[in-house]
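So the protein sequences, as listed, match chains S and G.
Here numbering that gives the first Met the number 0 is used: position 68 in the first sequence is 67, and no number is missing along the way.
Here numbering that gives the first Met the number 0 is used: position 56 in the second sequence is 55, and no number is missing along the way.
Each residue gets a CB set at the ideal place from its N, CA and C atoms; glycine is no exception.
Number of protein chains: 2
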Amino acid sequence: MHKRDSAARLDAYEAVFTALAHAARRRVLLAVYFNGGMMSAGEIAGTFSHAWQTTTRHLQVLERAGLLSCEKKGRMRIYRIEKKRLELVKDWLDHFFRKP
Amino acid sequence: MHKRDSAARLDAYEAVFTALAHAARRRVLLAVYFNGGMMSAGEIAGTFSHAWQTTTRHLQVLERAGLLSCEKKGRMRIYRIEKKRLELVKDWLDHFFRKP
DNA sequence: CCAACATTCAGCCGTTACGCTGAATGTTGA
DNA sequence: TCAACATTCAGCGTAACGGCTGAATGTTGG
């Protein structure tokens, strides 16, 4: 199980850091967070000037990375921020800041 | 000065998150850190299986992002980790974890 | 001075990222 | 039922990324 877990963790790092690499996706996370942690795809797309189809793809990247989860609510999709997943980044950083 | 500072900060985020987006570059930072914070380009390249010219480019990305600094020492180049710059990531994360 | 060495520079090349647009899907309200 | 709406899917072009290789640069020891 060790091997699997650490492999999974490596993939998780990969997904999370890749997701955070784009300014638009970082902005999405901030927007959702400061909107109370939940926002519909349309609201999110509305905060950007580029085509909402483009935002859709960013949302998918964030969801695949586990940084957003989404729930269908009628004809709209509500995205929720997954703060826990952001802690992966914290964990990685702690390699450098942890006291000996 | 406010405008300039915040613009610079945005660029800094961009550079840092982009640099961290690649597993090889994250590995470089960890390697340097656990080697006492300093390592020559050759030593770093030695920890990878791909051509060292490829590592060179990764090192440049990290240096441009301010995550590594480098000092010429004779015929070798010593890279030092810039922990302070890593704190930018911490700062960004704190948006989500700061107590109200 | 010169050969060996440490490293970078320049350019090729296949793959992926990200913007766009034009459908398609699925849901709601009248 | 049907039109309006919210959202995603599929495909296209361009630009960037990351691997490679073949030089070029600069430094050292003998």
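If the criterion is Cβ atoms closer than 8 Å, does the pair residue i and residue j meet it?
{"i": "G/L58", "j": "G/I77", "result": "no"}
{"i": "S/K89", "j": "G/L28", "result": "no"}
{"i": "S/V15", "j": "S/L67", "result": "no"}
{"i": "G/A20", "j": "S/A20", "result": "yes"}
{"i": "S/Y32", "j": "S/L87", "result": "no"}
{"i": "S/F47", "j": "G/K82", "result": "no"}
Residue i touches chain S at which residues, Cβ-Cβ below 8 Å?
{"i": "G/E13", "result": "A22"}
Closer than 8 Å, CB to CB, is residue i near chain S or not?
{"i": "G/Y32", "result": "yes"}
{"i": "G/K89", "result": "yes"}
Using a C-beta to C-beta distance shorter than 7 Å, which residues of chain S count as neighbours of residue i?
{"i": "G/T17", "result": "A20"}
{"i": "G/L29", "result": "H94"}
Can you pull the chain S neighbours of residue i, defined as C-beta to C-beta under 9 Å?
{"i": "G/K82", "result": "F95 and F96"}
Residue i versus chain G: which residues are under 8 Å apart at the beta carbon?
{"i": "S/R25", "result": "Y12, F16 and W91"}
Using a C-beta to C-beta distance shorter than 9 Å, which residues of chain G count as neighbours of residue i?
{"i": "S/L85", "result": "L92, F95 and F96"}
Within 10 angstroms of its Cβ, does residue i collect 16 or more other Cβ (buried), or is it exposed?
{"i": "S/L61", "result": "buried"}
{"i": "G/A50", "result": "exposed"}
{"i": "G/M0", "result": "Summary for G/M0: the model assigns pLDDT 46, below 50, so the residue's position carries little reliability, and this model does not support an answer."}
{"i": "S/A18", "result": "buried"}
{"i": "G/L85", "result": "buried"}
{"i": "S/T54", "result": "buried"}
{"i": "G/A64", "result": "buried"}
{"i": "S/R24", "result": "buried"}
- Message: Below 8 Å, how does it come out for the stretch 74-91 of chain G and the stretch 27-43 of chain G: are there three or more Cβ pairs, yes or no?
- Response: yes
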